[in-house]
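Have a look at the structure below before the remarks.
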Amino acid sequence: MRSSSIRRSAATGALAAAMLLAVTACSSTGSTESAATVAPQVPVASPTNPAGGLAVAQNAKLATSVVTDANGWVLYRFDKDTSAPPASNCIDTCATTWPPEPAASDTQIKGVDANLVGSVKRADGTLQATLGGWPLYRYSGDKTAGDTNGQTVGGVWFVSAPDGTKAGVTASASPTQ
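Numbering (mature numbering (1 follows the signal peptide of the UniProt record, and there is no 0)), first residue to last: -27 to -1, 1 to 150.
Below is the structure:
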């Protein structure tokens, strides 16, 4: 009986050690890109929580139509990405500030031409939604749905128009749509 008890204690100890190792490995942040793929617990309506859809909304501040997620959070495009072929170049800390809009096979689309909606595989293996070939992002600096605080940040971030071009930007200020 004593031998059985020792084996059970050893097995329990090994299991506890394995669980501790797994938890420690999961909390390692070797790269911001990896950490960004594990969604923290956040309120349902936030710029870092995927909403599962694309919609068109009128934005009074920009005086034009813009693309939002299903909860009304404005989506952006990044001039350092490419649309043909689609490629996302916002990784690591960039993807923390500008969380990629996840692509899903069941994405609900309201007011956006379904032929313009697609996806691109990111360096971390996740799929990101695209519009007109441009990868879509949310902005962590937007505090409420409808905010456009990311518009023109660094001269390379722009709210997405329903056709994937830059919303609220005049042709003279934006030579590369």
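Glycine included, each C-beta is placed from N, C-alpha and C at the ideal position.
Do Q101 and A43 count as a contact pair if the criterion is CB distance below 8 angstroms? Translated into positions along the sequence shown, residue 43 becomes position 70. Translated into positions along the sequence shown, residue 101 becomes position 128. It is not a contact, given that the beta carbons lie outside the stated cut-off.
Could you tell me the alpha carbon to alpha carbon distance between A60 and K34, rounded to whole angstroms? By one-based count along the sequence shown, residue 60 stands at place 87. By one-based count along the sequence shown, residue 34 stands at place 61. Their Cα atoms are separated by approximately 29 angstroms.
Boundaries (first-last residue) of the beta strand (DSSP E) holding T103: As a first step, residue 103 is located in the sequence shown; it is residue number 130 there, counting from the start. Run containing T103: 100 to 104, per the beta strand (DSSP E) assignment.
Quick check on K53 - is its C-beta less than 8 angstroms from some C-beta in chain B? The structure shown contains no chain B; it holds only a single protein chain.
Own chain, CB closer than 7 angstroms to L48, minus 5 neighbours either side, in chain order: Translated into positions along the sequence shown, residue 48 becomes position 75. Cβ neighbours of L48 beyond the five flanking positions: V40, T41, D42, E74, L109, Y110, R111, S133.
Suppose contacts are defined by Cβ-Cβ distances below 8 angstroms. Is A57 in contact with G25 by that definition? Translated into the one-based positions of the sequence shown, residue 57 becomes position 84. Translated into the one-based positions of the sequence shown, residue 25 becomes position 52. It is not a contact, given that the beta carbons lie outside the stated cut-off.
Using the DSSP secondary-structure output, state which residues sit across from S56 in a beta bridge. Numbered from its first residue, the sequence shown carries residue 56 at position 83. For S56, which the question treats as bridged, DSSP gives the partners P59.
Going by the beta-carbon positions, is the gap between G84 and V142 smaller than 8 angstroms? Counting from one through the sequence shown, the residue named residue 84 turns up at place 111. Counting from one through the sequence shown, the residue named residue 142 turns up at place 169. Contact: no.
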